[in-house]
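Worksheet: one structure, shown below.
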Amino acid sequence: MKPDGNPITPAGLAALRARYDHLLGTERPAIVEIVSWAAGNGDRSENGDYLYGRKRMREIDRELAWLARRMKAARVVDPARQDDQSRVLFGATVELADEDDNRRTLTLVGDDEQDASKGLIGWSAPIARALRGARVGDLRVVRLPGGEKEWEIMGISYPVAA
28 MKPDGNPITP AGLAALRARY DHLLGTERPA IVEIVSWAAG NGDRSENGDY
78 LYGRKRMREI DRELAWLARR MKAARVVDPA RQDDQSRVLF GATVELADED
128 DNRRTLTLVG DDEQDASKGL IGWSAPIARA LRGARVGDLR VVRLPGGEKE
178 WEIMGISYPV AA
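Numbering (my numbering), first residue to last: 28 to 189.
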């Protein structure tokens with residue numbers, strides 16, 4: 028299965044939804060309360076609570092709008108239900124080895140849930156694009172800012188369907 032648009036795992040969509048709900052249900056009401064209180068204290072031009080609160084409210088509103096757009100565009104792909112689990116597809120966890128047998132494990136996820144420090148690589152990242160469709164034993168060349176690097180696919184796994 029080849030994800031188009033904005034593929035995301037079920038867990039990734041749940042994380043976006045949780046962030047949206049937290050901002051809308053907890054953070055924004057608290058800031059509104061602070062701004063309302065600060066507005067009642069007189070001169071707004073020199074009131075730090077008011078000015079900071081308004082700025083923070085704009086930031087929250089921008090993030091809410093961004094999250095709403097991302098969730099609307101999201102196409103949930105359950106990695107456990109991939110048709111051909113012998114190839115690197117969306118949601119695959121891939122074990123790689125370079126020329127010096129340095130090993131690295133990556134999981135291909137949606138761009139909105141990528142976190143390189145945890146080995147979660149966005150679907151449109153250069154290394155993810157290079158790995159798509161590979162099988163165990165295949166060699167793939169990745170063009171990186173520091174030059175080209177060749178990786179061998181040592182293993183491919185997917186989560187177990189619930």
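Beta carbons: idealized from backbone N, C-alpha and C, even for Gly.
All values reported here derive from a predicted model rather than from experimental measurement.
Euclidean distance between Cα positions of residue 107 and residue 71: To locate residue 107, count along the sequence shown from 1; it is residue 80. To locate residue 71, count along the sequence shown from 1; it is residue 44. Going by the C-alpha atoms only, they are around 54 Å apart.
Chain-order list of residues whose beta-carbon lies under 8 Å from that of residue 81 (same chain, five-residue window excluded): For the purposes of this step, residue 81 is identified with residue 54 of the sequence shown, where counting begins at 1. Once the five neighbours on either side are set aside, the close Cβ partners of residue 81 are 62.
Supposed close pair residue 178, residue 123 - CB separation, criterion 8 Å: Locating residue 178 in the sequence shown gives position 151, counting from the first residue. Locating residue 123 in the sequence shown gives position 96, counting from the first residue. The pair is a contact, with the Cβ atoms about 4 Å apart (cut-off 8 Å).
Give the DSSP bridge partners of residue 103, in chain order. Translated into positions along the sequence shown, residue 103 becomes position 76. DSSP output for residue 103 lists 35 as bridge partner(s).
Roughly how many whole angstroms lie between the Cα atoms of residue 58 and residue 69? Looking up residue 58 in the sequence shown gives position 31. Looking up residue 69 in the sequence shown gives position 42. So the alpha carbons of these two residues sit roughly 18 Å apart.
Can you tell me which of the three DSSP states residue 69 falls into? Walking along the sequence shown from the start, residue 69 turns up at place 42. The answer is coil: DSSP assigns residue 69 none of H, G, I, E or B.
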